[in-house]
Each structure stands twice: as C-alpha cells, then as structure tokens.
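Input: a single structure, listed below in structure tokens.
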Amino acid sequence: MRVYEFQAKDILKTYSICVPRGRVVSVAGDARTAYKEIGGGRCVVKAQILAGGRGKSGGVRLVNSSEEAAACISNMLGSRLSTYQTNQESFEIKHVLLEEAVSIQKEFYLAITIDRSLQSLLLIVSAEGGVAIEEVAKKTPEKIFKEPVDLFFGLLPFQLRRITERLMIPAKLSGKVNELMEKLFSVFINKDCSLLEINPLVLTENNELVVLDAKMELDDNAIFRHPELEHIFEGQDIPPDEALAKKYGLSYIHLDGDIGCLVNGAGLAMATMDSIKLCGGEPANFLDVGGNASLEQVTQAFKIILSDRKVKTVFINIFGGIMKCDVIAEGVIRVVKEADIHIPFIVRLEGTNVDLAREILDDSGLKIISAGNMKDAAHFAVKASKGEYINQ
Ligand code: GDP
Ligand code: MN
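Going left to right, the sequence shown walks through residues 11 to 402 as this note's numbering numbers them.
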C-alpha cells in the first residue's frame, strides 16, 4: 500500500529523521493558519497524490506570502492532477502539504527496496537526484549505484563509506550520512516497507541533510502488525475497482495491460499472466475468484474487469475442481447480456461440469472463443487484444 508523502514524513519524524516543518491542509479555509503556524516566509505547496512527478506538472509550487499560499491551496484542493507517473489518469487532490521552503545546495536520490533475486534489501543511490532521475537512469545509468544490504548484518561500515563517496558528500559530513542511513533502514524494517524512496534527499545551504520528498509503500500483508498505523490504513483511498473486489472477497490487482483475466486459484492466475506475457501480450489484471466462487462473485468479477476501459478482451481460465465450470459459464452469459459487451471472450475451461459449461456457452449465441488448452487460449487472447483474426 502506497501512503501519502505527508504520512510517510510523519512516520520518518518518529525516527527523528529531518523533514521540513509542514502542515497538511485539507480545507482551503485552513491555509492561512497553517502558513502562520509554520512560520511564514517562503513556503512550498505540495499536492498530495499517490504518485510522483508532481514537480514537473505543477503539483509543487513555491509561495511567498499568506495570500499566495491561500490562493495556491484553494486552487489545488479539489482539482485533479496527472503526471508522467499517473499512467494517463488523474487524481483528485484532497490534501496539500504546506512546508517551509528549504534552500537547496544539492539534491540526491536514495531508495531502499527488496531485491527478490538477491534475497536481500537493495539500496539505490545517486548524486544526481531530483526531478530528472528517470533521465539519469536512462542516459547515464553508471551514475546510479546499487548496494545490496544483508538483512542480518545490515549496512556495514565499508558500505556506508562507499555511499558517502558515491553521493559525493564531503567526508566531514559522513557522520550525518551514516546516522540517516541507519534510521532509514530501521524505518524500512520496523514498518515492513516494500519501498522507501527519498527523492530528493537534500543537502541544505547549512550542510544539513533533509528529506524533501518521500515515497513509501507498506506491505499489506503486515498491516496486522502495525496498530500504530491504523489511521493510515483506514483513511486510505482505495480505487473503486479494488473496493468492489474487497467487498466480494475477490483477490484483484489492477495492472497496465489490455487482456482482462478471470481465473480461479492464485497459482493458475500467475501462470495465466505468464502465458500471456510469453505470447507477447500484457495482462490488465490479476484476478482470482477463489476455489468456490458463487454466481454473484463471478458476475462482480466480470464487472470489475470490464470497468477497466483499456481491456480489449477477456481471458477466462478456469480449472473446475470445487468450482463448477457451469457457474462460470452462467456468469459470463449473464454479464455479457446485461452489459451489452462486444469484446471477444476467450474461454478455457477444464474440470467439473465442463461439458455442461460448453453446452451453455455454445447455446448462448454469444461471441465466445473456446480454446482446448491453455497455450492456445493465451495465443488467442493476445491476438484478440491486438485486433487480429483468430484462426481456431
Ligand atoms: P515530485 O516531483 O512529485 O517528486 O515532488 P518533489 O517533492 O520531489 O519536488 C520536486 C522538486 O521541487 C524537487 O526536486 C525540488 O527541486 C523542488 N522543491 C521541492 N521542495 C522544495 C523546497 O523546499 N525548496 C526548493 N528550493 N525546491 C523545492
Ligand atoms: Mn520527488
């Protein structure tokens, strides 16, 4: 789960990590008081959305007076912001973070993530931090350094020295770098993060290290271990499709492709996505209806898939064990008829009541392409997503 910048900074503050003084404003009327509370002067107004790239899209603005702050905040609140990181969507700005402006001497990039192939944490640093980090990564990848960090030993002294060097921070400030690193790693481990990205980390004119922006992702599976973060989890905006999935007990994850997937069983769902990728397509979602879905759950699952306007075809891959294939078939027909859908459905059914299911589908008169096995089905789905003719 991604958290807002102000929430991430609140968490960092509990570890006495230095962040600019700030106030969250959710109602325009509170802007002037907030401005006064942080001491006035030069401030930054930052739109709080669950995506980065705000600096390049007008989501981070400098203001110099109470009037300017109030005007900027009232403009931002309630408006929508899209950035190069929002995938052509836009997010409503429900909160802004008003912060004292920091005078920057240098911007750095720093991130902690999990490297599954190395089975360790991975620290990524660059002396070229700031809004152009993606370009740095593309054009001069040698300026981005990766340092695997052993979970058991943590950051070792030689690694800390190397980090200071790579960030090109003067050696006399290495004590500050070390202290910050230790604290950031403690946050990452203690709060069960899956990502903690600080971009930029800045060196101020006064030679202080300040976290100017923070992107934090918490592991959903560890929520139960963090009663202290309950307010964050509860107040979280869940996208409508995910909220619906949760309500009906479906495991659903939205992805960026155009092939909707309806599958029973997490393993089969993973294999389905792999087959799609192998055939050159892109799945639009992960959706596991579970081993024993009801007609209602199947119907809702389809609705969730079809609410994604990118979806060009739906790949239904069901292995009927406890789940009965005819229930799925009924669900397909119900949704397709109700919603007047014209995209092709690729269906691969196997297992309990499969013959009955095929009969139901054949008799429906709908445009449904049946595949005899998973490989064919994946091929058909990819072809359908590209608008190509399917030769069965
Ligand atoms: P992002 O674009 O969504 O990642 O938003 P950031 O919080 O990283 O802000 C983008 C850029 O705005 C930063 O890289 C800074 O260059 C600039 N910025 C943000 N806060 C301040 C500030 O307090 N002072 C100054 N001078 N620049 C700032
Ligand atoms: Mn940033």
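We put the CB at the ideal spot given by N, CA and C, even for glycine. No experiment lies behind these values; they were computed from the predicted model shown.
- When C-beta atoms of the region 355-373 are compared with those of the region 230-240, fewer than three pairs fall below 8 Å, so the two segments do not count as touching.
- At a threshold of 7 Å, E78 does not count as near the ligand GDP, since its beta carbon sits no closer than that to any of the ligand's heavy atoms.
- C271 has its alpha-carbon roughly 8 Å from the corresponding atom of I315.
- A heavy atom of the ligand MN is found nearer than 7 Å to the CB of G62.
- Contact check between the region 36-48 and the region 224-235: fewer than three CB pairs, one atom from each, fall below 8 Å, which does not count as touching.
- Using a cutoff of 7 Å, the CB of D160 does not count as near the ligand MN, since none of the ligand's heavy atoms is closer than that.
- Taking the Cβ atoms as the reference, R358 lies roughly 17 Å from N401, outside the contact range of under 8 Å.
- CA-to-CA, the gap between G259 and E110 works out to about 44 Å.
- At a Cβ-Cβ threshold of 8 Å, I269 and A391 count as neighbours.
- A straight-line Cα-Cα distance of about 32 Å links L194 and K256.
- Under the DSSP definition of a beta bridge, L211 partners with F118, V221.
- Of all alpha-carbon atoms in C82, L165, G63, the one lying nearest the alpha-carbon of V141 is that of G63.
- Around the C-beta of E15, 16 or more other C-beta atoms lie within 10 Å, and the residue is accordingly described as buried.
- Non-local C-beta neighbours of A57 in its own chain, meaning closer than 7 Å and more than five positions away in sequence, comprise R64, G69, M86, L91, I103, V106, ordered along the chain.
- Per DSSP, the continuous alpha helix (DSSP H) segment holding D365 begins and ends at 364-374.
- Between the alpha carbons of R12 and M226 lies a gap of roughly 6 Å.
- Rounded to whole angstroms, the separation of the alpha carbons of K377 and L161 is 53 Å.
- Residue state for G270 is assigned as strand, using DSSP reduced to three classes.
- Only exposed fits M280, as fewer than 16 other CB atoms lie within 10 angstroms of its CB.
- Around the CB of E207, 16 or more other CB atoms lie within 10 Å, so the residue is classed as buried.
- For V197, the enclosing alpha helix (DSSP H) has its first and last residue at 184-200.
- Under the three-state reduction of DSSP, N231 is assigned to helix.
- Closest by C-alpha distance to F163, out of N188, S130, I134, N274, is S130.
- When secondary structure is reduced to three states using DSSP, R126 falls in the coil class, being assigned neither helix nor strand.
- Shortest gap from the CB of P180 to any heavy atom of the ligand MN: 7 Å or more.
- Cβ atoms of I379 and A339 stay farther apart than 8 Å, at about 14 Å.
- Below 8 Å, too few C-beta pairs join the region 72-84 and the region 178-197 to call them touching: fewer than three.
- With contacts defined as CB atoms closer than 8 Å, G139 and F118 qualify as a contacting pair.
- Rounded to the nearest whole angstrom, the C-alpha separation of S204 and E78 is 37 Å.
- Residue burial annotation: Q246 is exposed, with fewer than 16 other C-beta atoms found within 10 angstroms of its C-beta.
- T96 and I332 have their C-alpha atoms spaced approximately 39 Å apart.
- Within its own chain, the residues whose Cβ lies closer than 8 Å to the Cβ of E292, once the five positions on either side in sequence are excluded, are L265, D266, G267, D268, I269, I286, S395, listed in chain order.
- Bridge pairing for T43: absent [DSSP].
- Set against 7 Å, the gap from the CB of P210 to the closest heavy atom of the ligand MN is smaller.
- No heavy atom of the ligand MN is found nearer than 7 Å to the CB of D40.
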